[in-house]
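Engineer: Respectively, the protein sequence lines represent chains A and B.
Our numbering applies: residue 3 is where the first sequence begins, and numbers increase by one.
Our numbering applies: residue 11 is where the second sequence begins, and numbers increase by one.
Glycine is no exception: its CB is placed at the ideal position from the N, C-alpha and C atoms.
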Amino acid sequence: MHIWVRMLLTPVPTLNSDHPMLNLFRLCALIPLVLASAASGAETRLTLTGSSSVGPLAAEIARRYEVAHADVRIDVQTGGSSRGVTDALSGRADIGMASRALKPEEKDLTAVTIALDGITIIIHRDNPVRNLTRDQVIALFTGKTVSWSAVGGPDRPVVVVNKAEGRSTLELFLHHFGLKAEQIKASVVIGDNAQGIKTVAGNPDAIGYVSMGAAQTDADAGVPVRLVSLDGLAPTVAAVGDRTWPISRPLNLVIKGEPNGHAAGFIALARSAQVNDLILDLALVPPPR
Amino acid sequence: MSRRPADAFLRVASITSVALAGLILVAVVGVIVAGALPGLRTFGPWGFLGSAIWHPSSGQVGALAMVVGTIGVTGLALLIAVPLGGLTGLASGWLLPRGLAGLLRLVVMLASGLPSIVVGLWGLTAVVPILAQWHPPGASLLAAGLVLAMMTVPTVALIVDSALRTIDQQQRQATAALGLSSWGALAAVGLPTLRGGLLTGGVLATTRALGETMAVLLVAGNVVQVPGSIFDPVRTLTAGIALEMAYATGDHRAALFVLGLIALMVVMALLLTLRWLVRDDGTGAGYV
């Protein structure tokens, strides 16, 4: 039944999905289903909220879990790592998702790492630059280098694509390069990885940093972006896996207390080798098991 | 007042609808104010309105640059959309023969129904790269203005078109009987109506442009700065909230609620100004 519900909730792409009548229609269409499910009472719901970097993988694992357990319906909602942590603490979510390690003040939670993801620097495919040193990256992002010719590229202005304040990718990038948010001289500020990749793909002068999984998947699909080597080290899934890639992060499920029932079952599946194919499909790295 | 049951029913229904609509508005404003209060207490009103530097994680919450961005993007969009939409509406509502006018009207209606996110993606993949070639970085006040103009031209055109079509055939025949040329007729009865249509269309376009978030977020560049030219990136208030809300906690989150409150005040100020400009001057033009 949950597939029906999901189809109804999926916005129809050719219509204006903001249209209030459409929402009303969907809502009305849902009523008999909701009533039926309440009457049968057999369905268990599991809610996951949090990081948009963990979301796609969690959704794939959820689909697999639902196939094995027809009576379970799993909701995966994204809204940032902070939300995942807050919701797991408050009990609003059965499982939270966070693309960072837990902070000391979050000791009430337990983190389970289900995959690793690198942060990589991307440029447009037409840009001849292949490698950047740590100092070059710092100079480019802080506005000390204003032309690509200084790092072996054409004499074109550098367009710096930065992440919006509060995003964990930004924090990790700043931390690795020893920078403060105020020091970055951005030309474009973006939200999620997809917007970052589209922005760089549309601008031959751009430089940005995004999730390696997202960037590699899109580059393989023909999107005109290039992942740049850092100090001679190529940005590959293998380098993230053996921990030689310097900017990487754990993709975590976070839970409060001891999980039970289907939450425990879901976590067991997520940390097993059975989901390795899903992890690799998203260009992420399975954690050491 | 009639005592017929149908009238009584309609009366109750309409009063209930008005009350409900009012209640929802009060609830929304209430939630925004409640969310904004902690931010106003921490940073003070001048923390927001006296500065243009936005680094909430280090306690700087100046919103001025975003207010300028919001007004600039909306203003540029109107500057493009009102003349273009007005001329389009004039063509379909007055100048063109019936068959062609119908065809044009259909195209404009289709354009007005385009989801804003589709227009935004068009901006990101078509407009921004062209602007980037010409005047980097491409994502800019100009790009946002063009995308918003694309969304609001049909609004203005449709309102002008329907205003012009309220002039009936008899009036047009009367102008012909008086010996006016077709351009004379346009000046005598068309233009006064056109003016009203433009003003109403302009107000509707303004509210649409002010509220638009996602399409602008994709193409405006979102750098918090007072733009030096139309080629500089800007961030609007609504884009600022959308970019950061999901990731904000504590003071940062409260500061975003204050941005919402400021956005609300900017919208109110602009609409009141427009109402004042469009105030009834006896021509019947200002029916906003």
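State the beta-bridge partners of W64/B as determined by DSSP.
Structural biologist: Its beta-bridge partners are V71/B.
Engineer: Under 9 Å Cβ-Cβ, which residues of chain B neighbour D207/A?
Structural biologist: Simply A142, P146, P147 and G148.
Engineer: Can the beta-carbon of A265/B be found less than 9 Å from the beta-carbon of G60/B?
Structural biologist: No. Outside cutoff.
Engineer: Which class does R285/B belong to by DSSP, given the choice of helix, strand or coil?
Structural biologist: Helix.
Engineer: What I want to know is whether the C-beta of R65/A ends up closer than 8 Å to one or more non-hydrogen atoms of the ligand ATP.
Structural biologist: Looking for the ligand ATP in the displayed structure turns up nothing, as the structure carries no ligands at all.
Engineer: Pick helix, strand or coil for K146/A, following the three-state DSSP scheme.
Structural biologist: Residue state, collapsed to three classes: coil.
Engineer: Kindly provide the ranges of any alpha helix (DSSP H) runs that are 4 or more residues long and lie completely inside the stretch 104 to 175 of chain A, ordered along the chain.
Structural biologist: With a minimum length of 4 residues, the continuous alpha helix (DSSP H) runs that stay inside the stretch 104 to 175 of chain A are 136 to 143.
Engineer: Can you tell me the Cα-Cα spacing of S101/A and S53/A, whole angstroms?
Structural biologist: Roughly 6 Å between the two C-alpha positions.
Engineer: Where are the beta strand (DSSP E) runs, 3 residues long or more, that stay fully inside the stretch 14 to 46 of chain B, in chain order?
Structural biologist: Here no run is fully enclosed.
Engineer: Give a yes or no on whether the minimum CB-CB distance between A217/A and chain B is below 9 Å.
Structural biologist: False, the Cβ-Cβ gap to chain B never drops below 9 Å.
Engineer: May I have the straight-line CA-CA distance separating L271/A from V277/A, to the nearest angstrom?
Structural biologist: So the alpha carbons of these two residues sit roughly 7 Å apart.
Engineer: Using a beta-carbon distance below 9 Å, is W64/B in contact with chain A?
Structural biologist: Closer than 9 Å to some Cβ of chain A, the Cβ of W64/B qualifies, so yes.
Engineer: Only counting the same chain, and skipping five residues up and downstream in sequence, which positions put a Cβ closer than 6 Å to that of Q70/B?
Structural biologist: Answer for Q70/B: I63, listed in chain order.
Engineer: Around the C-beta of E184/A, are 16 or more other C-beta atoms found within 10 angstroms, so that it is buried, or is it exposed?
Structural biologist: Label assigned to E184/A: exposed.
Engineer: Do I97/A and A275/A have their CB atoms nearer than 9 Å?
Structural biologist: The answer is no: Cβ separation not under 9 Å.
Engineer: Could you check what DSSP says for Q235/B in three-state terms: helix, strand or coil?
Structural biologist: The answer is coil: DSSP assigns Q235/B none of H, G, I, E or B.
Engineer: At the level of alpha carbons, what is the spacing between A141/A and S189/A?
Structural biologist: Taking the straight line from one Cα to the other gives about 15 Å.
Engineer: Using only the alpha-carbon positions, how far apart do S367/B and L280/B sit?
Structural biologist: No answer is possible for residue 367/B: the residues shown for chain B start at 11 and end at 298.
Engineer: Alpha carbon to alpha carbon, what distance is there between P147/B and L141/B?
Structural biologist: One C-alpha to the other measures close to 8 Å.
Engineer: Going by alpha carbons, who is nearest to R227/B out of P206/A, I192/A and I257/A?
Structural biologist: In the sequence under discussion, the amino acid at residue 227/B is Leu, which differs from the Arg named in the question. Among P206/A, I192/A and I257/A, the Cα nearest to that of L227/B is on I192/A.
Engineer: Kindly provide the ranges of any alpha helix (DSSP H) runs that are 4 or more residues long and lie completely inside the stretch 118 to 152 of chain B, ordered along the chain.
Structural biologist: DSSP runs (the alpha helix (DSSP H)) wholly in the stretch 118 to 152 of chain B: 126 to 132 and 138 to 144.
Engineer: For I209/A, which residues does DSSP report across the bridge?
Structural biologist: Answer is I125/A and V162/A.
Engineer: On the criterion of 16 or more Cβ atoms from any shown chain inside 10 Å, does A10/B qualify as buried, or is it exposed?
Structural biologist: Outside the shown range of chain B (11 to 298) lies residue 10/B, about which nothing can therefore be said.
Engineer: Do you know how far the Cα of P130/A is from the Cα of R158/A?
Structural biologist: Those two C-alpha atoms are separated by around 12 Å.
Engineer: Who are the neighbours of R245/B on chain A, taking C-beta pairs under 8 Å?
Structural biologist: The answer, in chain order, is V191.
Engineer: Within the same chain, show all residues whose beta-carbon is closer than 7 Å to that of A117/A, passing over the 5 residues directly before and after it, in chain order.
Structural biologist: Cβ neighbours of A117/A beyond the five flanking positions: L59, L253, I281, L286, V287, P288 and P289.
Engineer: Skipping 5 residues on each side, what residues in its chain have a beta carbon closer than 7 Å to that of L253/B?
Structural biologist: Excluding residues within five positions, the ones whose Cβ falls inside 7 Å are L227 and N232.
Engineer: So T171/A packs on A149/B, CB below 8 Å; how close in whole Å?
Structural biologist: That belief does not hold up - the Cβ atoms of T171/A and A149/B are roughly 19 Å apart, past 8 Å.
Engineer: With 9 Å as the threshold, decide whether the Cβ of V163/B is near any Cβ in chain A.
Structural biologist: It does not: the Cβ of V163/B has no partner Cβ on chain A nearer than 9 Å.
Engineer: Express the C-alpha separation of V166/B and G212/B in angstroms, rounding to a whole number.
Structural biologist: Taking the straight line from one Cα to the other gives about 6 Å.
Engineer: Where A225/B and G189/B are concerned, what is the direct C-alpha to C-alpha distance, given to the nearest angstrom?
Structural biologist: Their Cα atoms are separated by approximately 50 Å.
Engineer: Measure the beta-carbon distance from A258/B to T246/B and round it to whole angstroms, keeping in mind my assumption that it falls under 8 Å.
Structural biologist: Wrong, their Cβ atoms sit about 17 Å apart, outside the cutoff.
Engineer: Looking at the structure shown, is P252/A part of a helix, part of a strand, or coil, going by DSSP?
Structural biologist: Three-state DSSP puts P252/A in a strand.
Engineer: So with Cβ pairs under 9 Å, would you call R94/A a contact of chain B?
Structural biologist: It does not: the Cβ of R94/A has no partner Cβ on chain B nearer than 9 Å.
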